[in-house]
Amino acid sequence: MTLHLPDAHGALRAYEPRTEPLALTPGAPFTSRTVFSAAHVVADPYADTTPDSPAAVDWDATLAFRRHLWSHGLGVAEAMDTAQRGMGLDWAGAAELIRRSAAEAKAAGGRIACGVGTDQLTGPANLTEVRAAYEEQLAVVEESGAQAILMASRALAVTAEGPEDYLEVYGHLLRQAAEPVILHWLGPMFDPALEGYWGSSDLDAATDTFLDVIAAHPDKVDGIKVSLLDAQREIDLRRRLPKGVRCYTGDDFHYPELIAGDEQGFSHALLGIFDPLGPLAAQAVRVLDTGDREGFRALLDPTVELSRHLFQAPTRFYKTGVVFLAWLAGHQSHFTMVGGLQSARSLPHFARAYELADTLGLFPDPKRAEERMRNLLSLYGVDR
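Residue 149 in our numbering sits at position 106 of the sequence shown, and the numbers go up by one each step.
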């Protein structure tokens with residue numbers, strides 16, 4: 044049946060949903076790339092909460108979604124910004140998420156890496172307090188048996204007076220880390236509070252400091268996750284990494300070309316867009332495992348339009364589109380988010396996201412997705 048979808052100008056246009064999904068099934072583990080999906084959390088829709096109260100999480104649905112990702116061979120990057128760290132999910136909730144997901148990963152035989160930050164700090168802090176907050180979270184992740192991802196810290200961005208403070212804090216953490224970690228450079232388009240990270244708003248200077256941190260402890264850095272939405276900068280950076288240190292792309296605008304790579308190297312992946320794209324992304328990587336870069340690009344290039352739509356400015360609200368698509372795909376029974384973030388995007392944005400995802404064949408049950416989209420349209424007053 045025809046759906047009438049609103050565009051950015053308020054006009055309705057007819058859209059004919061597809062009737063069959065892509066045939067995407069679990070397969071063998073990847074051999075050529077390490078790939079993490081930064082997974083979202085599922086809110087408890089029946090909890091009596093407000094946007095300011097602690098997050099109420101539907102643990103069964105949240106863990107079921109992680110099992111879905113592991114079944115397709117993807118690793119799970121847990122308690123990252125996709126899981127609404129700092130945007131609805133506080134440290135207490137993140138710590139419980141880490142413990143539960145790490146235990147589930149052991150049971151399922153899935154790979155997991157978890158975010159380590161400083162978001163338990165709610166007011167002004169000095170460098171000693173920032174370092175202690177990082178240490179507390181690192182201990183939780185290491186005790187869970189998961190790999191640690193050292194995330195960018197809003198508190199450090201405020202407190203640090205220059206590059207030397209970043210070198211001191213990260214150097215201390217790397218020296219005490221039990222296993223090699225992933226360092227995460229999250230750009231201000233994802234979190235405006237991280238402007239000037241690594242001690243400078245000059246990206247060249249910031250890159251030099253970032254590389255200095257790695258060069259001082261290359262044995263403690265498994266890899267870096269770069270989320271700057273600048274493909275050439277990522278390529279230049281990965282070519283300067285010490286041998287054995289991996290680059291995990293976090294570029295949700297240019298991921299096919301960065302993962303495919305060139306004659307001088309390639310990026311692995313740790314991506315929020317691989318939450319809704321999980322099965323399709325997994326199939327594409329298995330094609331790449333055979334050496335077929337053209338086949339890989341043929342599968343993944345058409346997904347970039349959807350990704351750019353979900354991650355359009357203000358980019359930090361991409362989580363809303365991710366959860367919206369998870370609802371349409373049947374991974375959860377509702378479209379409710381912790382912190383009430385389901386209100387962060389407009390109906391025309393949702394309509395376009397639905398259309399792009401449906402065109403790609405991402406919904407396992409297109410009819411259910413159509414019915415849910417129709418219900419949302421009705422809620423907003425579209426009655427035809």
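Beta carbons: idealized from backbone N, C-alpha and C, even for Gly.
Note that the coordinates shown come from a computational prediction; the quantities given were computed from them, not determined experimentally.
Return the bridge partner residues of residue i from the DSSP annotation.
i, result
"Tyr291", "Lys268, His311"
"Ser80", "Val119, Leu314"
"Arg56", "Leu48"
"Ala86", "Val100"
"Leu229", "Ser270"
"Val256", "Answer is none; Val256 lacks a bridge partner."
"Arg128", "Leu132"
"Val224", "Val264"
"Asp234", "DSSP output for Asp234 lists no bridge partner at all."
"Asp305", "Gly308"
Given a threshold of 16 other Cβ atoms within 10 Å of its Cβ, counted over all protein chains shown, does residue i qualify as buried or as exposed?
i, result
"Asp401", "buried"
"Val201", "exposed"
"Ala356", "exposed"
"Ser144", "buried"
"Gln275", "exposed"
"Leu216", "buried"
"Leu342", "buried"
"Asp103", "exposed"
"His297", "buried"
"Leu422", "exposed"
"Thr358", "buried"
"Pro299", "buried"
"Arg415", "buried"
"Ala57", "exposed"
"Lys286", "exposed"
"Gly118", "buried"
"Met44", "exposed"
"Gln180", "buried"
"Arg218", "exposed"
"Asp247", "exposed"
"Ser96", "exposed"
"Pro49", "buried"
"Glu277", "buried"
"Ala203", "buried"
"His52", "exposed"
Can you list, in chain order, the residues of its chain with a C-beta nearer than 8 Å to that of residue i? Leave out the 5 residues immediately preceding and following it.
i, result
"Arg282", "Gln307, Gly308"
"Gln127", "His83, Val84, Ala98, Lys362, Met380, Val381, Gly382, Leu384"
"Glu238", "Ala200, Pro231, Ser244"
"Phe406", "Pro64, Leu371, Ala372, Gly373, Ala400, Ala412"
"Pro345", "Leu403"
"Met130", "Asp124, Arg359, Lys362, Gly382, Leu384"
"Ser350", "Asp295, Phe296, Tyr298, Ile316, Leu320"
"Glu398", "Leu48, Tyr58"
"Phe339", "Pro299, Ile302, Ala303, Ala327, Val328, Val330, Leu331"
Terminal residues of the continuous alpha helix (DSSP H) containing residue i?
i, result
"Trp134", "134-151"
"Thr402", "390-403"
"Ser244", "Neither: Ser244 is in no alpha helix (DSSP H) and is coded neither H nor E."
"Pro407", "Element bounds for Pro407: n/a, residue is neither H nor E."
Spatial neighbours of residue i within its chain, please: CB distance less than 6 Å, with the 5 preceding and 5 following residues excluded, ordered by chain position.
i, result
"Gly116", "Pro72, Phe73, Ala325"
"Ala176", "Thr161, Gln163, Leu164"
"Ala198", "Thr161, Leu164, Ala168, Val173"
"Gly153", "Trp113"
"Thr92", "Ala99"
"Cys157", "Glu121, Ala122, Ile141, Val184, Ala189"
"Arg329", "Gly70"
"Ser187", "Ile141, Arg142, Ala145"
Less than 7 Å between C-beta atoms, sequence neighbours within five positions excluded: which residues of the same chain meet that for residue i?
i, result
"Ala90", "Ala99"
"Pro60", "Leu46, Asp401, Pro409, Glu413"
"Val365", "His83, Thr125, Gly315, Asp318, Pro319, Leu353"
"Leu377", "Looking at the sequence shown, residue 377 is not Leu but His. Counting only Cβ-Cβ distances below 7 Å, and skipping sequence neighbours, we find Pro88, Trp370."
"Gln375", "Val85, Ala104, Ala369"
"Phe253", "Trp228, Trp241"
"Pro322", "Leu67, His115"
Is there a Cβ of chain B sitting closer than 9 Å to that of residue i, yes or no?
i, result
"Val159", "Here there is only one protein chain, and chain B is not present."
Give the list of continuous alpha helix (DSSP H) stretches no shorter than 4 residues that lie fully inside the region 322-368. Within the region 322-368, the complete alpha helix (DSSP H) segments at least 4 residues long are 336-343, 347-353, listed from N- to C-terminus.
Taking only runs of the alpha helix (DSSP H) that begin and end inside the region 149-218, which ones reach a length of at least 4 residues, in chain order?
-> The qualifying runs are 170-187, 197-202.
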